[in-house]
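**Q**
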Amino acid sequence: MSLKEEIDNIMNKDPAARSALEVVLCYPGFHALIIYRIANWFWLKRFYTFARLISHIGRIQTGIEIHPGAQIGKRVFIDHGMGVVVGETTIIGDDVVIYQGVTLGAGSDARGGFKTRGKKRHPTLGKGVIVGSGAEIQGPVIIGDNVQVASGSIVLKDVPENSIVVGVPGRVIYQDGKRVDGPVPDIEAQAIKALKDQMTELSHKINALMAATGVSEVQVNQSSKNKENSEMTIDEQSILNDPVDVFLHGAGI
Ligand SMILES: CC(C)(COP(=O)(O)OP(=O)(O)OC[C@H]1O[C@@H](n2cnc3c(N)ncnc32)[C@H](O)[C@@H]1OP(=O)(O)O)[C@@H](O)C(=O)NCCC(=O)NCCS
1 MSLKEEIDNI MNKDPAARSA LEVVLCYPGF HALIIYRIAN WFWLKRFYTF ARLISHIGRI
61 QTGIEIHPGA QIGKRVFIDH GMGVVVGETT IIGDDVVIYQ GVTLGAGSDA RGGFKTRGKK
121 RHPTLGKGVI VGSGAEIQGP VIIGDNVQVA SGSIVLKDVP ENSIVVGVPG RVIYQDGKRV
181 DGPVPDIEAQ AIKALKDQMT ELSHKINALM AATGVSEVQV NQSSKNKENS EMTIDEQSIL
241 NDPVDVFLHG AGI
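Using the numbering used here, the letters of the sequence shown map in sequence onto residues 1 to 253.
#1: Ignoring anything shorter than 3 residues, give me the beta strand (DSSP E) runs that lie fully in the segment 109-146, in order along the chain.
#2: Buried or exposed for residue 49, going by 16 or more other Cβ atoms inside 10 Å?
#3: Measuring only between beta-carbons, confirm whether residue 167 sits less than 9 Å from chain B.
#4: Using 8 Å as the threshold, is the segment 10-26 in touch with the segment 59-67, meaning 3 or more CB pairs across them?
#5: Between residue 56 and ligand 1, is there a pair consisting of the residue's CB and a ligand heavy atom that are separated by less than 8 Å?
#6: Taking the beta strand (DSSP E) that residue 174 falls in, what are its first and last residues?
#7: Going by DSSP, which residues form a beta bridge with residue 178?
#8: In terms of residue numbering, what span does the beta strand (DSSP E) encompassing residue 105 cover?
#9: When the Cα atoms are used, what is the spatial distance from residue 227 to residue 166?
#10: Compare the C-alpha of residue 191 against each of 253, 130, 148, 142 and name the closest.
#11: From the DSSP output, read off the bridge partner residues of residue 148.
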């Protein structure tokens, strides 16, 4: 792929790119891929350490770490790119877009050390895949053509083509434009809700005990006092008073 094709590709894919000069001077994803292609050339000629050195210089320059042994197709665009890691046995198809902070990593094989050398340990991305910022794809999984991996997802299994995968661990929620799974549960919010429910139950028990022993009731939950004198619903009032409820409301719980 020529330099002109690399530049045209970025200008086609990024609305923020206003000129070829801007791409050449200011796009770390562009620099990283040029440096990768040089490093990969030396890697294929078996100059392994020199190839790694070039790759390392690219990492210092761009914040993007691409192992020279990775296989990267045409018109790939790494947008922003800081923190991107592409492992040795990764295969990236044509027209893939990767945002900052993406890891295409070895998964559990990373713990195998030298015993897994030469083994396919990293993902294979089909054509037209988009990997959102901060997403991780770990292990020798196959991500089908035109898959969109949502930002922040952790994908550990194969994903069929034309899907949208979201969440931790990644789940396919759309395939061929059709919904195939319900909303992704927010596990942290559910855990916080369970703790809050337990606290509320304990508060009621403490208050019942204090009432039984003649001690005046403690104000454990401010929202439960305010709701008595307001026309707002309990939910509305609780949200106004309790930051935990504000969080849970934001999480849709
Ligand atoms: C996954 C993605 C590619 C899908 O985009 P899209 O086709 O326009 O679809 P939507 O944004 O409508 O999202 C589809 C569904 O995925 C959910 N979703 C999107 N991103 C999500 C995320 N990061 N985590 C969890 N769910 C997510 C949406 O809530 C929506 O669910 P719904 O149908 O129940 O409402 C996109 O949301 C994404 O993450 N793009 C990466 C963007 C990025 O990294 N930008 C960095 C720029 S600097």
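Cβ atoms here follow ideal geometry from the backbone N, Cα and C, with glycine treated the same way. Keep in mind that this is a model prediction, so the values were computed, not measured.
**A** Inspection of the coordinates gives the following:
#1: 136-138, all fully within the segment 109-146.
#2: Taking the first residue of the sequence shown as position 1, residue 49 is located at position 49. Residue 49 should be labelled exposed.
#3: Annotation note: the requested chain B is absent from the structure, which comprises a single protein chain.
#4: Judged by Cβ distances under 8 Å, the segment 10-26 makes no contact with the segment 59-67, as fewer than three pairs qualify.
#5: Your numbering for residue 56 matches position 56 in the sequence shown. Answer for residue 56: no, Cβ out of range of ligand 1.
#6: The residue you call residue 174 lines up with position 174 of the sequence shown. In the DSSP annotation of this structure, the continuous segment of the beta strand (DSSP E) that includes residue 174 starts and ends at 171-175.
#7: Working through the sequence shown from its first residue, we reach residue 178 at position 178. Per DSSP, 175.
#8: The count along the sequence shown starts at 1 and reaches residue 105 at position 105. It spans 103-105 - the beta strand (DSSP E) in which residue 105 sits, taken as one unbroken run.
#9: Position 227 of the sequence shown, counted from the first residue, corresponds to residue 227. Position 166 of the sequence shown, counted from the first residue, corresponds to residue 166. Only weak support is given to the placement of residue 227: the predicted model assigns it a pLDDT of 48, under 50, and the value that follows is read from those uncertain coordinates. Each residue's Cα considered, the two are about 38 Å apart.
#10: In the sequence shown, residue 191 corresponds to position 191, counting from 1. The option with the nearest alpha carbon to residue 191 is 253.
#11: Start at 1 with the first residue of the sequence shown, and residue 148 comes out as number 148. Per DSSP, the beta bridge partners of residue 148 are 130, 164.
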